[in-house]
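Q:
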Amino acid sequence: MEITQILFWFLSALAVVAAVGVVLSKSPIYSVLWLIVVFFSISGHYILMNAQFLAIVNIIVYAGAIMVLFLFVIMMMNLNAEAEPAKNIYLKIAGVIAGMCLMIVFVAALAQSADIKVPIAKGTDIGLIKNLGKALFTTYVIPFEISSVLFLSAMVGAVVIGKKEQ
Amino acid sequence: MSAIILSAIWGVVMMFGGVFFKKASVPKYWAIAGLIIILAANILEFLGWKFFNIDTKGMLRFDNFGLHFNTVAFFCTLIYFLLNGRDIEKVGKHVSEYFALIFFVLCGVAIASSFKSLLMLFLGIEIMSIPLYILTGSDKPNLKSNEASLKYFLMGAFSTGIMLMGIAFLYGGNSAGSFNIDMMRLGYGYLPDMIAVGLVLLVVSMSFKVSAAPFHFWAPDVYDGAPTVFTSFMATIVKVAGFIAFIRLFQSSFGTMQSQWQMLIVIITAATLLIGNLTAVFQQSVKRMLAYSSIAQAGFMLLALFALNDTAKEGLILYSAAYSLATIGLFAILVRMKDYTIEGFNGLGKTQPVLALTATIFLLSLTGIPLTAGFTAKFYMLLAAVKNGHQFWLVILAVLCAAISAYYYFKVIQAMYFKEPAEDTGHQMDVPPSFKWLLIFTAAIIIILGIVPGLVIDWLYY
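Heads up: the sequence lines are chains B and D, in that order. Quick note: the first sequence uses this note's numbering, first residue -6, plus one each step. Quick note: the second sequence uses this note's numbering, first residue 33, plus one each step.
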């Protein structure tokens, strides 16, 4: 096995284990910490695909800013295991069955499409800042500009919700 | 294009207007003026005078269908502003921000009616949804409004996640490696598994956005909890825009494989029709009844997706106009009532004859009584479904459900005309003559569209 293959399998295993950890942890703080591990391993995948910029942004924005926000919210809400409402056992069983069905469908779809030529980013330089910027401001300039409307509306909304009502 | 750009700009104008407008009654006039400009620009673009010549790299395509739908949607919004402008002022302190958010939603509507790329579909749907989460929670002291907003936000975010997952599957599964829905035209063969999974996930998330049956659970709570003026906007213009996006997506990328996914839509349609109509029967509050009725009407609009032919497109435009106008009118009357229960309407025919008469016309149109726009719209939908030639029982079910809907719509009419008003009715509401004339105007449009549906439909082939 080449070194990249070993890295790939290691990062994939890490991502899956950490994701399971997010779901299974009793304490929300541990969940958030596991989530940071997930983000780091996904950033590792980005680097393997030669997308450094995406990897760095993923770490700065998700593992950095958003996780800190998460932690703040959890601390402010003061969540602990006792405050958690008891869940209905039937709901749990139904959830497990539904989730398993979805997983079977996904796995089957992926397994049977093994021969489809999936576009692979391997060996391209699209993930570098220069090329990414070029693509963003030429081919994808319309979605890029229009997403500013989305963020603006979210900002207006945050102010409307957050402002004190006299 | 002009609609997208101008409505985004006007949203910014309204946003900054909040600093300069000292009186709460000013933003309304600015909003109406802006909307008239956007409507005019859109009509001019439809007639061939483009103000913005932008190369969208195949992300957006402005065809007759989309532009014509924009005209209908903006016209309904204009009626909505004119009828409800004063009630929007009463919701809270940030009046110009509410209008700004509504203009951002309109920008999303214009994107949803013209997208050619899954990327734009996602952006359009999100631009429509995010301002709505906020408008739902704009009545901050009201706990129900807060709850509705949070519920809507969480469920909406989840359904967006499902949509992105579906888009990822579609992107991975098509050999073109493109987000463009024309590029992934799939031909007549067998639906590959990965594409099929992506398609199912997209159906789920879009059904959520238009509140179709197994994914409708958020709708009654959100529509009930939100301030009534904004419920009116959400349940009409935004919902029909969701349908336009739905039909655009499925016609261009999956249209040729319809036989393979049609059963899915049939099940969703049948469930939506049945659940919407049967639960609406048991509602005591008119606001909640209208929420369920909007689910039931969504069932009828889903018939267009089932049929997927030219008649369906014509019918969907007509249905958008008929359903939006009637529901906006009803909600405008409901906002001014003090008591939202059906008993609250008792004797309205005596105390407020004009309001009662127009409300009757709106209700008749929603039921689908001949000579109203609702009848022709339903007729076109059923015709489209018959022309499709499969699953004839769905048409029979739809007709039966329309008959059930007569029961709960007529209950309100009966309360207005055949019940005595209580002593302390609260019908002494503030109804200026302009409001009455506007209601009469709206009702007149509904009747005219019922007699000459070509007024709306013929423009599709302009």
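Cβ atoms here follow ideal geometry from the backbone N, Cα and C, with glycine treated the same way. It should be emphasised that the depicted structure is a prediction, and the values quoted were computed from it without experimental measurement.
Does the distance from the C-beta atom of G381(D) to that of Y449(D) stay below 8 Å?
A: Yes, the Cβ-Cβ distance between G381(D) and Y449(D) is below 8 Å.
Q: Taking 8 Å as the threshold (beta carbon to beta carbon), is A172(D) in contact with chain B?
A: Reading the sequence as shown, one finds Lys at residue 172(D) and not Ala. So yes, K172(D) belongs to the interface.
Q: State the DSSP-derived secondary structure class of F147(D), mapped to helix, strand or coil.
A: Reduced to three states, the DSSP call for F147(D) is strand.
Q: When you compare only the Cα positions, how much space is there between S34(B) and L62(B)?
A: So the alpha carbons of these two residues sit roughly 20 Å apart.
Q: Would Q283(D) be called buried (16 or more neighbouring beta carbons within 10 Å of its own) or exposed?
A: Buried: at least 16 other Cβ atoms inside 10 Å.
Q: In the DSSP assignment, what residue or residues form a beta bridge with T373(D)?
A: DSSP, once it has assigned bridges, lists S317(D) as partnering T373(D).
Q: Measure from the C-beta of K345(D) to each C-beta in chain B and report whether the shortest distance is under 8 Å.
A: Not one chain B Cβ lies under 8 Å of K345(D).
Q: What does P259(D) touch in chain B if you count any residue whose Cβ is under 7 Å from its own?
A: Chain B residues near P259(D): none, gap ~13 Å exceeds 7 Å.
Q: Which runs of the alpha helix (DSSP H) fall wholly inside the region 42 to 87 of chain D and span at least 4 residues, in chain order?
A: DSSP runs (the alpha helix (DSSP H)) wholly in the region 42 to 87 of chain D: 58 to 79.
Q: Report yes if the C-beta distance between V367(D) and T260(D) is below 8 Å; otherwise report no.
A: The answer is yes: Cβ separation under 8 Å.
Q: Give the C-beta separation of S128(D) and M47(D) to the nearest angstrom, bearing in mind that I take them to be a contact with Cβ-Cβ under 8 Å.
A: With 8 Å as the limit, S128(D) and M47(D) qualify as a contact, their Cβ atoms being about 7 Å apart.
Q: In whole angstroms, what is the alpha-carbon distance linking F65(B) and F249(D)?
A: F65(B) and F249(D): Cα-Cα distance of roughly 31 Å.
Q: Measuring CA to CA, which of A323(D), T404(D), F53(D), K319(D) is closest to G376(D)?
A: Cα-wise, what sits closest to G376(D) is K319(D).
Q: From A11(B) to E179(D), what distance separates their C-alpha atoms?
A: A11(B) and E179(D): Cα-Cα distance of roughly 32 Å.
Q: Across the region 338 to 352 of chain D and the region 276 to 294 of chain D, are there enough close Cβ pairs to call them in contact, namely three or more that are closer than 8 Å?
A: As far as the Cβ criterion goes, the region 338 to 352 of chain D touches the region 276 to 294 of chain D, which means the pair count is three or higher.
Q: Determine, using beta-carbon pairs with one atom in the region 329 to 336 of chain D and one in the region 407 to 427 of chain D, whether at least three such pairs fall under 8 Å.
A: They touch, by the three-pair rule.
Q: Which class does L92(D) belong to by DSSP, given the choice of helix, strand or coil?
A: Strand at L92(D).
Q: I'd like to know if K160(B) contacts chain D, where contact means its C-beta is closer than 8 Å to some C-beta of that chain.
A: Only positions -6 to 159 of chain B appear in the structure, and residue 160(B) is not among them; the question remains open.
Q: Kindly give me the distance between the Cβ atoms of S317(D) and Y372(D), rounded to whole angstroms, as I take these residues to be in contact under 8 Å.
A: Their Cβ separation, rounded to whole angstroms, is 5 Å, which keeps S317(D) and Y372(D) in contact under 8 Å.
Q: At what residues does the alpha helix (DSSP H) containing T392(D) begin and finish?
A: Segment 385 to 399, the alpha helix (DSSP H) holding T392(D).
Q: For H38(B), which residues from the same chain have a beta carbon less than 7 Å from its beta carbon, with the 5 sequence-adjacent residues on both sides left out?
A: If we look at H38(B) and ignore the five residues flanking it on each side, its Cβ neighbours are L4.
Q: Tell me which residues of the region 86 to 109 of chain B have at least one Cβ-Cβ distance to chain D shorter than 8 Å, keeping chain order.
A: Cβ contacts with chain D come from V98, F99, A101, A102, L103, Q105, S106, I109.
Q: If you run the structure through DSSP and keep just helix, strand and coil, what is N51(B)?
A: Three-state DSSP puts N51(B) in a helix.
Q: With contact counted as at least three CB pairs below 8 Å, one residue from each stretch, are the region 101 to 113 of chain D and the region 147 to 164 of chain D in contact?
A: Touching, no.
Q: Do you know offhand how far M289(D)'s Cα is from R118(D)'s?
A: Those two C-alpha atoms are separated by around 49 Å.
Q: With a cut-off of 8 Å on the beta carbons, I'd call T359(D) and T268(D) a contact; round off their distance for me.
A: The Cβ separation is near 5 Å, so the contact holds.
Q: Counting C-beta neighbours from all protein chains within 10 Å, is the total for N309(D) 16 or more, i.e. buried, or is it exposed?
A: That one is buried.
Q: Determine the extent of the alpha helix (DSSP H) in which G204(D) is found, giving its start and end residues.
A: Per DSSP, G204(D) belongs to the alpha helix (DSSP H) from 175 to 205.
Q: Between H126(D) and chain B, is any beta-carbon pair separated by less than 8 Å?
A: So, interface residue.
Q: Below 8 Å between beta carbons: does that hold for V298(D) and K271(D)?
A: Not closer than 8 Å, so no.
Q: If we define contact as Cβ-Cβ less than 8 Å, is M289(D) a contact residue for chain B?
A: It does not; no Cβ of chain B falls within 8 Å.
Q: Sorry if obvious, but does the Cβ on P224(D) come closer than 7 Å to a heavy atom of the ligand GTP?
A: What this structure holds is no ligand at all, so the ligand GTP is not there to describe.
Q: So, helix, strand or coil for I212(D), using DSSP?
A: The question names Ile, but residue 212(D) in the sequence shown is Asn. Residue state, collapsed to three classes: strand.
Q: Mind checking if G150(B) is an interface residue toward chain D, Cβ cutoff 8 Å exclusive?
A: Yes, its Cβ sits closer than 8 Å to a Cβ of chain D.
Q: So which residues of chain D does V142(B) contact, with C-beta pairs closer than 7 Å?
A: Going along chain D in sequence order, the residues near V142(B) (Cβ under 7 Å) are A40, F136, C139, I159.
Q: Are the C-beta of M195(D) and some C-beta of chain B separated by less than 8 Å?
A: No - not a single Cβ of chain B is within 8 Å of the one on M195(D).
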